[in-house]
Amino acid sequence: MSSKLFLVAMGLFSLSTFAKEKIVYGMDNRVDIKNVHNQKIKELAKSVAGRVAVSSYEMSRKRPFAKIRRVLTLSHPRSMNVCETERFANQPTIVDCTGFLVAPDLLVTAGHCATAMFKEARDEKTFECERNDWVFDYQIDKKGPLNLRKIPKENIYSCKKVVYARYEELDDFAIIQLDRKVIGRKPLKLAAKKVKSKQGIFVLGHPTGLPLKYADSANVFGVFDNFFSTNLDTFGGNSGSPVFNQETLEVEGILVRGDTDYVVAFKDDGTHCMKVNRCNGSRMNCIEDDPNITGEHVSLISKVVEKLEQ
Numbered sequence: 003m004s005s006k007l008f009l010v011a012m013g014l015f016s017l018s019t020f021a022k023e024k025i026v027y028g029m030d031n032r033v034d035i036k037n038v039h040n041q042k043i044k045e046l047a048k049s050v051a052g053r054v055a056v057s058s059y060e061m062s063r064k065r066p067f068a069k070i071r072r073v074l075t076l077s078h079p080r081s082m083n084v085c086e087t088e089r090f091a092n093q094p095t096i097v098d099c100t101g102f103l104v105a106p107d108l109l110v111t112a113g114h115c116a117t118a119m120f121k122e123a124r125d126e127k128t129f130e131c132e133r134n135d136w137v138f139d140y141q142i143d144k145k146g147p148l149n150l151r152k153i154p155k156e157n158i159y160s161c162k163k164v165v166y167a168r169y170e171e172l173d174d175f176a177i178i179q180l181d182r183k184v185i186g187r188k189p190l191k192l193a194a195k196k197v198k199s200k201q202g203i204f205v206l207g208h209p210t211g212l213p214l215k216y217a218d219s220a221n222v223f224g225v226f227d228n229f230f231s232t233n234l235d236t237f238g239g240n241s242g243s244p245v246f247n248q249e250t251l252e253v254e255g256i257l258v259r260g261d262t263d264y265v266v267a268f269k270d271d272g273t274h275c276m277k278v279n280r281c282n283g284s285r286m287n288c289i290e291d292d293p294n295i296t297g298e299h300v301s302l303i304s305k306v307v308e309k310l311e312q
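Taking the numbering used here, the leading residue of the sequence shown gets 3, the next gets one more, and so forth.
Structural data, given as structure tokens:
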């Protein structure tokens, strides 16, 4: 599906967000955080946030929470119109990018979540910065149903400025300063060395705007100057997600682009819905294939480290 059609379907989200889509390889490895048993990964998940449009929610003046004005599920016709038989079809979609803490008040995400294409931003409040906030703990846990009418105010942070962002075809990353320091969440550790081919990896993020998901059982296929390719099960909304080294739990990169997410499925009554585009684990036999994309692309975290050290 073209990125233009995807954006129209998602409605609530900005033009730059889903410019690069993602896909499922082999078995769908996405898991809700409540079903993750590894406590170390659950701790990492606390430092991952989703981007939400300022216009999509309202703060309560008398109570300490915010309320999403319009909550649509993944299967809703004005959302992705995903087939009811698809996984997570009835979960809400409210965010359009993912980010993660690298310092008490610094968040890293994809460059296309912070500036326009072919643009470089330095210490400025871009259009994307001004129009969007970041929310932590947008996830389904064992405490009960996810209540998007009562999001704690302390979980929502504004973008003070874009410290640095670059959005080129093969160079896509950003560092954002939040409006205040984040309390009770630890900055993630960044890998000091370049990732190697065949390294096992996993990702935490918000595929198609869904509550936080963990996806593992992936490997690095190829390493290039600015990015590496992999077979992670990621989608639009995962843009900006931290991709972790399976062994060290350090961030190796930032998920930024991939192949087509969803394809059209026609029903017996002539109507249609969207189903997940699937390939095998080696990136072959896709339902729909973009010959210009060789797996999911992840910007190397070394680009961020260089900027943080300046």
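The beta carbon of each residue, even a glycine, is placed where N, CA and C say it ideally should be.
Nearest neighbour of phenylalanine 67, chosen from Pro154, Lys127, Ile177 and Leu206 [CA to CA]: When each option's Cα is compared against that of phenylalanine 67, the closest is Pro154.
Run of the beta strand (DSSP E) containing leucine 206, from where it starts to where it stops: Counting along the chain, the beta strand (DSSP E) containing leucine 206 begins and ends at 202-207.
Local conformation of glutamine 179 per DSSP, three classes: Glutamine 179 falls in the strand class under three-state DSSP.
Isoleucine 303 - DSSP class collapsed to helix/strand/coil: Reduced to three states, the DSSP call for isoleucine 303 is coil.
Proline 220 to isoleucine 256 span [Cα, whole Å]: Note that residue 220 corresponds to alanine in the displayed sequence, not to proline. Approximately 15 Å between the Cα atoms of the pair.
CA nearest to the CA of proline 106, picked from Leu74, Ala55, Leu190 and Cys99: The candidate whose alpha carbon is nearest that of proline 106 is Leu190.
Straight-line Cα distance separating serine 199 from serine 81: Rounded to the nearest angstrom, the gap between the Cα atoms of serine 81 and serine 199 is 37 Å.
Glutamate 86 burial status per 10 Å Cβ neighbour count (16 or more: buried): Exposed, by the Cβ-count rule.
Isoleucine 1, DSSP secondary structure in three states: With the chain covering only 3 through 312, there is no way to say anything about residue 1.
Collapsed DSSP secondary structure at alanine 47 in the structure displayed: In the structure shown, alanine 47 falls within a helical segment according to DSSP collapsed to helix, strand and coil.
Best match in His274, Thr100, Tyr59 and Lys196 for proximity to lysine 48 [C-alpha to C-alpha]: Comparing Cα positions, the closest option is Thr100.
Where the alpha helix (DSSP H) containing cysteine 131 begins and where it ends: Where cysteine 131 is concerned, the enclosing alpha helix (DSSP H) stretches over 129-133.
Under the three-state DSSP convention, the category isoleucine 142 falls into: Note: isoleucine 142 maps to coil in three-state DSSP.
Close Cβ partners of leucine 150 (< 7 Å) along its chain, the five nearest in sequence each way excluded: For leucine 150, same chain residues with a beta-carbon under 7 Å away, outside a window of 5 residues either side, are Ile70, Val73, Pro94 and Ile96 in chain order.
Rounded distance between the beta-carbons of phenylalanine 246 and asparagine 233, thought under 8 Å: The pair is not a contact, with the Cβ atoms about 15 Å apart (cut-off 8 Å).
Touching by the beta-carbon criterion (3+ pairs, under 8 Å), the segment 116-128 and the segment 200-208: Pairwise C-beta distances place the segment 116-128 out of contact with the segment 200-208, as fewer than three of them are shorter than 8 Å.
C-alpha distance - leucine 214 paired with leucine 103, whole-angstrom precision: Rounded to the nearest angstrom, the two C-alpha atoms are 15 Å apart.
Straight-line Cα distance separating phenylalanine 90 from isoleucine 142: Roughly 11 Å between the two C-alpha positions.
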